[in-house]
Amino acid sequence: MTATELGARYRAYIACLNAQDWPQLGNFVHEHVVHNGRQIGLAGYHDMLMGNFAEIPDLRFDIRLLLSDPPHVASILSFDCRPRGTFLGLPVNGRRVVFAEHVFYAFREGRIAEVWSVIDKAAIELQL
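Numbering (the numbering used here), first residue to last: 92 to 219.
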C-alpha cells in the first residue's frame, strides 16, 4: 500500500469504530493483533472496544494528526466525552473531559497487526 492508501485505510477503520460496525472490524484488524505488547487477537480487541464504548457512551474517535509511512501509521486521536464512573483510575463520573491518545500502528496484510497506545491521563487529571 502507498502512504495515501494506508492513510485512507486508517480513516476507514476509524469510521468503522465510530459507527460501531463490529461485523466489519475484522476487515481492518488482523486476527492475531497485538496491543501494547500483549497478544489479544481480534476477539480481545473487539472486547476491548466494546468495553470502551460501554464505559464511554458518547465515545467518538477524532483524528487530529495522521502520518503514514507504510507499513506504519502514527496518529493523535482527540476525545471530548463523558466517561461513566471511574476512567483510567480517575473518578470522572460523567464529567466532560477532553484528552488525546497517541497511537502507532503496524499493518500486515492490509490490517492492523500491532498497536502501541498511550492516553494523556495527565490532561484528564488537570480537568478534574
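Glycine is no exception: its CB is placed at the ideal position from the N, C-alpha and C atoms.
In this text the structure is predicted, and so the values were computed from the model without any measurement.
Cβ atoms of histidine 193 and isoleucine 167: under 9 angstroms apart, would you say? In this structure, histidine 193 lies closer than 9 angstroms to isoleucine 167 by Cβ.
Residue burial classification, arginine 202 (beta-carbon count within 10 angstroms, cutoff 16): buried
Whole-angstrom C-beta distance between valine 164 and tyrosine 196, which should lie under 8 angstroms: Confirmed, Cβ separation roughly 4 angstroms.
By Cβ distance below 6 angstroms, which residues in the same chain neighbour leucine 108 in space, the five residues on each side in sequence not counted? Phe152
Cα-Cα separation, arginine 129 to leucine 140: Cα to Cα, arginine 129 sits roughly 15 angstroms from leucine 140.
Taking the alpha-carbon positions, what's the glycine 142 to isoleucine 154 distance? 21 angstroms
Just how far apart, CA to CA, sit arginine 175 and proline 148? Roughly 8 angstroms between the two C-alpha positions.
For the alpha helix (DSSP H) containing arginine 102, list its first residue and its last residue. 94 to 110
Using C-beta distances below 6 angstroms, list every residue in its chain close to serine 159, excluding the 5 sequence neighbours before and after it, in chain order. Ala94, Leu97, Gly98
Given glycine 132, which residues of its chain have a CB within under 8 angstroms of its CB, disregarding the five upstream and five downstream residues? Glu122, His123, Val124
Give me the Cα-Cα distance between phenylalanine 144 and methionine 92, rounded to the nearest whole angstrom. 30 angstroms
6 angstroms Cβ shell around aspartate 211 - same chain, five flanking residues per side excluded: Phe190, Ala191
Let me check understanding here. Comparing Cα to Cα, which of Tyr101, Gln218, Ala134, Ala213 lies closest to arginine 173? Gln218
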